[in-house]
Amino acid sequence: MVIVYKHCDMSHLSALLSSRKMTKNVVVTDSLFSEDGDFAPMVELVELRKKHNLLLVIDDTHGTFVYGKSGGGMAEEFDCERDVDIYALEL
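Under the numbering used here, think of the first position of the sequence shown as 91, with each following residue one higher.
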């Protein structure tokens, strides 16, 4: 089942995750939204990952080679590379 949460609204996402009966949930998000330039709330996503034991998937297409000290993307920018389970990107 796919459930969509409100754009960058971690309170809404947390409420959805709390109401789920599934034992394993997956959250997939862009790291940098190209339409409006918003950054995903990486720190809050990592907190939710730990709280709900979920799999965190980040599409870092727009952040890789642009953000982070060595171009490692948004997770590197927010010092949470080890907390992202899967990175997706296009070159």
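Ideal Cβ placement from N, Cα and C applies to all residues, glycine included. Bear in mind that the values here come from a model prediction, so they are computed numbers and not experimental data.
- Task: Spell out the partners DSSP gives I176 in its beta bridges.
- Result: V147
- Item | Distance CB(A130)-CB(C98) smaller than 8 Å | yes
- Item | Integer-rounded CB distance, given that T119 should sit under 8 Å from L144 | With 8 Å as the limit, L144 and T119 do not qualify as a contact, their Cβ atoms being about 12 Å apart.
- Query: Contact check, M132 vs M100 under 8 Å by CB: the rounded distance?
  - Reply: Separation of the CB atoms of M132 and M100 is rounded to 11 Å, and the pair is thereby denied contact status at 8 Å.
- Task: Find out if the Cβ-Cβ distance for the pair Y177, E167 is shorter than 8 Å.
- Result: no
- Query: Which partner residues does L107 have in the DSSP bridge list?
  - Reply: BP columns for L107 are empty, so no partner.
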